[in-house]
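S.K.: To start, I am sharing the structure in question, which I have written as structure tokens.
Residue numbers (my numbering): 92 to 229.
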């Protein structure tokens, strides 16, 4: 009986993990096809069951989710996603643009002081990109 319960539990865990990865892959396909509205729905669903995704997969999904909201001009949700992403710690260089998009979302939502602080972080990470200094001094 214990073996059966253990086997059923393991099977449920594997199905849940496969489902989350499947959603993430579907979302990636929609993202690659620039179908951001569909990608947003799929990324949100995949991230709610994020326990089965690796840290790197979760971070990549959040970056793409934030960018999708950015492309759809949904600055409130873009701000929410980027805030969660950045609060998890420093981002690798390949995700440095996320700082810029987060700062833009904050500015669009009227949070100018906070936006300037994020532009300054972007300046430090992307020192050769001149957009950050122009906005951080406004």
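Heads up, the beta-carbon is just placed ideally off N, CA and C, and yes, glycines get one too. None of these values were measured; they are calculated from a predicted model.
Mind reading off the beta-carbon distance from residue 121 to residue 133? Whole number of angstroms is fine, and I expect it under 8 Å.
M.R.: At roughly 6 Å, the Cβ-Cβ gap stays under 8 Å, so residue 121 and residue 133 are in contact.
S.K.: What residue does the alpha helix (DSSP H) around residue 217 start on, and which one ends it?
M.R.: Element bounds for residue 217: n/a, residue is neither H nor E.
S.K.: Using CA coordinates, which residue listed in 118, 161, 145 and 148 is at the minimum distance from residue 135?
M.R.: When each option's Cα is compared against that of residue 135, the closest is 118.
S.K.: Mind listing, in chain order, the continuous alpha helix (DSSP H) runs of no fewer than 4 residues lying wholly within the stretch 134-221?
M.R.: The stretch 134-221 contains these whole alpha helix (DSSP H) runs: 146-162, 166-178, 188-199 and 203-216.
S.K.: Please return the same chain residues whose Cβ sits closer than 6 Å to the Cβ of residue 186, not counting the five positions on each side in sequence.
M.R.: Only 154 meet the Cβ criterion.
S.K.: Could you check what DSSP says for residue 125 in three-state terms: helix, strand or coil?
M.R.: In this structure, residue 125 counts as coil in the three-state DSSP scheme.
S.K.: Would you report the Cα separation of residue 200 and residue 194, rounded to the nearest angstrom?
M.R.: Answer to the nearest angstrom: the Cα atoms are 10 Å apart.
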